[in-house]
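A quick write-up on the structure given underneath.
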Amino acid sequence: DVLNLIMQRNLEKHKKRHDILMGRIENFSPLGTLKRGFSVVRNKKKKVIQSPDDVKKGEELDIILEKGNLKVEVL
């Protein structure tokens with residue numbers, strides 16, 4: 002019984018640690034970022050847009066969201 006109790010506590014401790022680490026991984030993953038409401042904007046060459054200086058008027062962009070993509074044109 003003591004051995005079972007020790008094993009159960011160890012298992013619970015490792016499961017908690019696993020859950021914490023998985024949460025951290027999800028937070029830092031691209032999908033985790035999208036789930037928090039952020040998006041990724043890319044041009045036709047798949048280059049990530051980081052500044053308004055990276056685009057030109059009339060250029061088509063792809064906005065990647067958690068639940069799909071949007072095709073937009075720079076005004």
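The opening residue of the sequence shown carries number 2 in the numbering used here; numbering runs sequentially from there.
Even glycine gets a Cβ: it sits at the ideal position worked out from N, Cα and C.
Computed from a predicted structure; not experimentally measured.
Pick helix, strand or coil for residue i, following the three-state DSSP scheme.
i: residue 14; result: helix
i: residue 27; result: helix
i: residue 63; result: strand
i: residue 46; result: coil
i: residue 38; result: coil
Distance check for residue j and residue i, CA to CA, integer angstroms please.
i: residue 67; j: residue 10; result: 37 Å
i: residue 32; j: residue 69; result: 12 Å
i: residue 7; j: residue 19; result: 18 Å
i: residue 63; j: residue 4; result: 57 Å
i: residue 52; j: residue 13; result: 46 Å
i: residue 58; j: residue 41; result: 19 Å
i: residue 34; j: residue 27; result: 8 Å
With a CB to CB cut of under 7 Å and the five nearest residues on each side skipped, what residues in its chain are close to residue i?
i: residue 72; result: 61, 63
Near residue i, what residues of its chain come up, given a Cβ to Cβ distance below 8 Å and the 5 sequence neighbours on each side ignored?
i: residue 55; result: 44, 48
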